[in-house]
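Numbering (UniProt numbering), first residue to last: 1 to 866.
1) Just confirm the distance between the C-beta atoms of residue 308 and residue 247, as a whole number of angstroms; I'd bet it's less than 8 Å.
2) Would you mind working out which of 695, 612, 732, 694 sits nearest residue 706, comparing C-alpha positions?
3) Which of the three DSSP states, helix, strand or coil, is assigned to residue 41?
4) Looking at the strands, I want to know which residues DSSP matches up with residue 279.
5) In its own chain, which residues sit with a C-beta less than 7 Å from the C-beta of residue 411, not counting the 5 before and 5 after it?
6) Can you name, in chain order, every residue of its own chain whose Cβ lies under 7 Å from the Cβ of residue 884, other than the five neighbours on each side?
7) Reducing DSSP to helix, strand and coil, say where residue 454 ends up.
8) Confirm, please, whether the CB-CB distance from residue 756 to residue 891 is below 9 Å.
9) Helix, strand or coil: how does DSSP classify residue 356 here?
10) Under 9 Å, do residue 189 and residue 155 count as touching if we go by C-beta distance?
11) Do you know whose CA, among 365, 312, 322, lies nearest residue 277's CA?
12) Could you tell me which of 605, 341, 579 sits nearest to residue 369, measuring between CA atoms?
13) Quick check: the region 633-653 against the region 598-618, are there 3 or more CB pairs under 8 Å?
14) How big is the Cα-Cα spacing for residue 325 and residue 239?
15) Taking 7 Å as the limit between beta carbons, can you name the residues of its chain near residue 771, skipping five residues before and five after?
16) Just to confirm the assignment, what range does the alpha helix (DSSP H) spanning residue 667 have?
17) Applying the 10 Å Cβ sphere with the 16-neighbour rule, what's the burial state of residue 608?
18) Do residue 396 and residue 274 have their C-beta atoms within less than 9 Å of each other?
19) Compute the Euclidean distance between the alpha carbons of residue 285 and residue 441, then round it to the nearest angstrom.
20) For the ligand NAP, is there any heavy atom lying closer than 8 Å to the beta carbon of residue 859?
21) Kindly indicate the opening and closing residues of the alpha helix (DSSP H) around residue 304.
22) Going by beta carbon distance, what residues of the same chain come within less than 6 Å of residue 544, once the five residues before and after it are set aside?
23) Would you check if the distance between the CB atom of residue 358 and the CB atom of residue 306 is smaller than 9 Å?
24) If I measure Cβ to Cβ from residue 851 and keep anything under 6 Å in the same chain, skipping five residues before and after, which residues do I get?
25) Measuring straight from C-alpha to C-alpha, what distance separates residue 356 and residue 820?
26) To the nearest angstrom, report how far apart residue 558 and residue 573 are at their CA atoms.
27) Which residues in the same chain have their Cβ closer than 6 Å to the Cβ of residue 142, if we skip the five residues on either side of it in sequence?
28) Give me, in chain order, the residues of the same chain whose beta-carbon lies closer than 6 Å to that of residue 580; leave out the 5 immediate sequence neighbours on both sides.
29) Please name the residue in 387, 384, 349 whose C-alpha comes closest to that of residue 373.
30) Which residue's Cα is closest to the Cα of residue 659: 159, 644, 291?
31) Grouping DSSP H, G and I as helix and E and B as strand, with all else coil, what is residue 694?
32) Leaving out five residues before and five after residue 540 in sequence, what residues of the same chain have Cβ atoms less than 8 Å from its Cβ?
33) So, residue 626 versus residue 604, is the Cβ gap smaller than 9 Å?
34) Could you pull out every unbroken alpha helix (DSSP H) segment of at least 4 residues lying fully inside the region 569-596, listed in chain order?
35) To the nearest angstrom, how far is the alpha carbon of residue 585 from that of residue 255?
36) Can you tell me whether residue 636 is buried or exposed, with buried defined as 16 or more other CB within 10 angstroms of its CB?
The following block contains the structure:
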């Protein structure tokens, strides 16, 4: 028996005298792994450190290559590529040598059989060398915090444990180049490489945080980054939440199960998510079919979530419980349900795991938006009674029908456990199935009624004919389904609209098999009863409401003003697109070019258009506001100066600086002629314009003058919760950054993020996203690419349901691809980020010519989002 502790100590001490405790701990894991693989020969440990340098390893490899052979030519090329790789892996040369059996003459013969795989080994080690951070440098230069020690240990251990796996694989498979073990080895290496990328990223993040913490005035930036959502939360996988186990009495539906497997099954390199809607009448077996697929698919999905979706409350409760089970949230976390759901959605979209979501019994498809995934790894099932709901969220629709007579008869035989021997009982069973219409829920209940009372089919048939309601009422609900035939139909009837209920009640008086279709769909029929007007719905619903209710306000001015107030409120609450619709609707109601209210409405519309990066449209709105003001005000009045300020702002966003300064000077002249104390806003816009014109010193003077006119200090501005003051802080941060006061500028940008999160909520919005983006740019320029990528990634994971956030996400994806490239992320992953950016860009620009440049993405968002 080998003395493992002694061997581990010897191995840890041999390579270098100053081996770190972290390295020794990792080696202990190494020997534990080799024991798992059955390696117990003391001779292996005796040769462990005979190879300690890349040169020793190369010499050892060359010694086993037979000269003047065809394989030796390919080996020569591979060895040439291997040398720089091993130089980069010098700290691990000995352990890699032993792992691949280059430690003694006894291994030469077995290694000759593995010659064809050397080139692939070189490629693998090259990937490993490119992935490793400069970890020894970090150990020597930085204080060893708990976070850094854990990150380094994870990195060392991953390399060491892989090498241990390689030891057992190569020694147990001498002819590995010709055996299935090589495939397993490749798969294990791919997983190791993925883990190393994650650990490398984590080490870089920890190191950057340590460096930031050592600088002055960085507490705010550190806090912002620490609060950023982690991309790789600690989750418990696999994780399955299915309300009922496998139904051993599940009958038929083989073709439907085949459709589900073909449509939803996770495939390698799948490019888009898969979704299918199952619809049909109540009791037809939609839920049972979905349950059967979920229970038989546990092995192909990393997680399965069953989500009751008949109401918002049930949906959110189920998602919250699943999030906790998965490990993304704890029961004591102080988060509301919407935050929990958003966290789950963000994780699902970025986890890279195959998952299945089942939304059962959907009535309102809109409630699915909050959790609807965007990942290509997603598979989704919707069950619903409504064909229109079924078509809203998925391309693939599976209509579930009742069983035909023959399979229905076989089903009731199987479920009841009775196969009739007499002809009269066979006839009764067939008639019974005809009476039940092949409805699975009804047949299940009748079968249970037969089993419980040991009836013959000929005995239960007359009872069902006489009083079906009593038969169904006396039968309990089946397992895995909460309804009976009676309750499922009551539920369906309750969900009918008032008009549908009227029609349903009328149809009860018609012949059940011969209802004339033209009575329902013939729009030329004229009915006097208002209750039947819905049958004649030839016009757009909105126009019909306008006509029926005579929407003609007696006082359009008052009505429009109320609409303007609502629009202004929505704009202040970070909903510019909805606010735009309100303001434009109000203008349509009361387009009075002589009203000061209308002038202000056009000005607010301009503010909104600036927020959504439409400066030319904003300029048009401001110009309209000016024309109205000039009809009601003196040309040199302060109200005209206010509009001049807005026009200057739009020109600044466009980048037309001469016109911007022209209107700033016009506004300044008016204020100086009246009351200079009222020109604070003019000075703020001057500060913005000067910064855009690359004159940061003048910008700083203008901003400080703006605050002085308001009798406010910088400290008071920073502590204010007034939304526009957070814009002032962000502007000051950018000014100081341009003046090379980088540490202070970055700290103020972090302060702006904190202020805006406090105002607009943790989930963020356009202004939070914009502040995070500019802070990320600052970190990038300072060389903190890992932390910059972390902030950009947070923007990409914000609520994708918000239309306002989409331009910010497109921009963030584009620059995130650049940052990931700078920190060594694989090229294919960077290209994928670029593709996401381009897709988002084209969706925003609606097919316009694509401009593949940084500036094109910058133009998606306002230059200064105040």
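Note that beta-carbon positions come from the ideal geometry of N, C-alpha and C, so glycine has one too.
Looking at the atomic coordinates:
1) Reading the chain shown from its first residue, position 308 is the one you call residue 308. Reading the chain shown from its first residue, position 247 is the one you call residue 247. Actually they are not in contact, since the Cβ atoms of residue 308 and residue 247 sit about 18 Å apart, beyond 8 Å.
2) Sequence index remark: in the chain shown, residue 706 carries index 706 (1-based). For residue 706, the nearest C-alpha among the options comes from 732.
3) Taking the first residue of the chain shown as position 1, residue 41 is located at position 41. For residue 41, the pLDDT reaches just 42, beneath the cut-off of 50, and the residue's location in the model is therefore unreliable, leaving the point undetermined.
4) Here residue 279 is taken as the residue at index 279 of the chain shown, counted from 1. According to DSSP, residue 279 bridges with 384, 399.
5) By one-based count along the chain shown, residue 411 stands at place 411. Closer than 7 Å at Cβ, skipping near neighbours: 251, 252, 403, 443.
6) Shown here, the chain extends from 1 to 866; a query on residue 884 therefore has no answer.
7) One-based indexing of the chain shown puts residue 454 at position 454. Judged by DSSP in its simplified three-state form, residue 454 adopts coil rather than helix or strand.
8) The chain is shown only over 1 to 866; residue 891 falls outside these bounds and no answer can be derived.
9) The residue given as residue 356 occupies position 356 in the chain shown. Three-state DSSP puts residue 356 in a strand.
10) Position 189 of the chain shown holds residue 189. Position 155 of the chain shown holds residue 155. Not a contact, by the Cβ cut-off of 9 Å.
11) For the purposes of this step, residue 277 is taken as residue 277 along the chain shown, with counting starting at 1. Nearest option by C-alpha distance: 365.
12) The residue labelled residue 369 in the question sits at position 369 within the chain shown. Taking only the C-alpha atoms, the option nearest residue 369 is 341.
13) The region 633-653 makes contact with the region 598-618, as at least three CB pairs between them are under 8 Å.
14) For the purposes of this step, residue 325 is identified with residue 325 of the chain shown, where counting begins at 1. For the purposes of this step, residue 239 is identified with residue 239 of the chain shown, where counting begins at 1. In this structure, the alpha-carbon of residue 325 lies about 8 Å from that of residue 239.
15) Numbered from 1 along the chain shown, position 771 holds the residue referred to as residue 771. Exclusion of the five residues before and after residue 771 leaves 730, 749, 752, 753, 756 as the residues of its chain whose Cβ lies within less than 7 Å of its Cβ.
16) Reading the chain shown from its first residue, position 667 is the one you call residue 667. Residues 657-674.
17) If you number the chain shown from 1, residue 608 lands on position 608. Looking at its Cβ environment, which holds 16 or more other Cβ atoms inside 10 Å, residue 608 is buried.
18) Mapped onto the chain shown, residue 396 falls at position 396. Mapped onto the chain shown, residue 274 falls at position 274. The Cβ-Cβ distance between residue 396 and residue 274 falls below 9 Å.
19) Translated into positions along the chain shown, residue 285 becomes position 285. Translated into positions along the chain shown, residue 441 becomes position 441. The alpha-carbon atoms of residue 285 and residue 441 are separated by roughly 7 Å.
20) In terms of ligand content, the structure shown is empty, and the ligand NAP therefore cannot be addressed.
21) By 1-based counting over the chain shown, the position of residue 304 is 304. DSSP places residue 304 outside any alpha helix (DSSP H); the residue lies instead in the beta strand (DSSP E), whose first and last residues are 303-308.
22) To locate residue 544, count along the chain shown from 1; it is residue 544. For residue 544, the predicted structure reports a pLDDT of 49, less than 50, and the residue's modelled location is therefore unreliable. A value from the coordinates is still provided. Closer than 6 Å at the Cβ level, and outside the excluded window around residue 544, lies no residue.
23) Along the chain shown, one-based indexing puts residue 358 at 358. Along the chain shown, one-based indexing puts residue 306 at 306. Cβ atoms of residue 358 and residue 306: closer than 9 Å.
24) Here residue 851 is taken as the residue at index 851 of the chain shown, counted from 1. Within its own chain, no residue has a Cβ closer than 6 Å to the Cβ of residue 851 once the five positions on either side in sequence are excluded.
25) Here residue 356 refers to the residue found at position 356 when the chain shown is read from its first residue. Here residue 820 refers to the residue found at position 820 when the chain shown is read from its first residue. Taking the straight line from one Cα to the other gives about 29 Å.
26) Residue 558 sits at position 558 when you count from the first residue of the chain shown. Residue 573 sits at position 573 when you count from the first residue of the chain shown. Those two C-alpha atoms are separated by around 23 Å.
27) Sequence index remark: in the chain shown, residue 142 carries index 142 (1-based). Here the set comprises 210.
28) Here residue 580 refers to the residue found at position 580 when the chain shown is read from its first residue. Taken in chain order, the residues that qualify are 608.
29) As a first step, residue 373 must be located in the chain shown, where it is residue number 373. Of 387, 384, 349, the smallest CA-CA separation from residue 373 is found for 349.
30) Locating residue 659 in the chain shown gives position 659, counting from the first residue. It is 644 whose Cα lies nearest to the Cα of residue 659.
31) Here residue 694 refers to the residue found at position 694 of the chain shown. Residue state, collapsed to three classes: coil.
32) Mapped onto the chain shown, residue 540 falls at position 540. Legend: pLDDT at residue 540 = 39, less than 50; position of this residue unreliable, value from coordinates given subsequently. Sequence-distant partners of residue 540 (beyond 5 residues in either direction) whose C-beta falls short of 8 Å from its own C-beta are missing from its chain.
33) Taking the first residue of the chain shown as 1, we reach residue 626 at position 626. Taking the first residue of the chain shown as 1, we reach residue 604 at position 604. No, the pair does not count as a contact, with Cβ atoms beyond the cut-off.
34) For the alpha helix (DSSP H) assignment, the uninterrupted runs of no fewer than 4 residues enclosed by the region 569-596 are, from N- to C-terminal side, 576-589.
35) Taking the first residue of the chain shown as 1, we reach residue 585 at position 585. Taking the first residue of the chain shown as 1, we reach residue 255 at position 255. Whole-angstrom Cα-Cα distance: 52 Å.
36) Stepping through the chain shown from its first residue, residue 636 is reached at position 636. Classification of residue 636: exposed, given that the 10 Å Cβ count is below 16.
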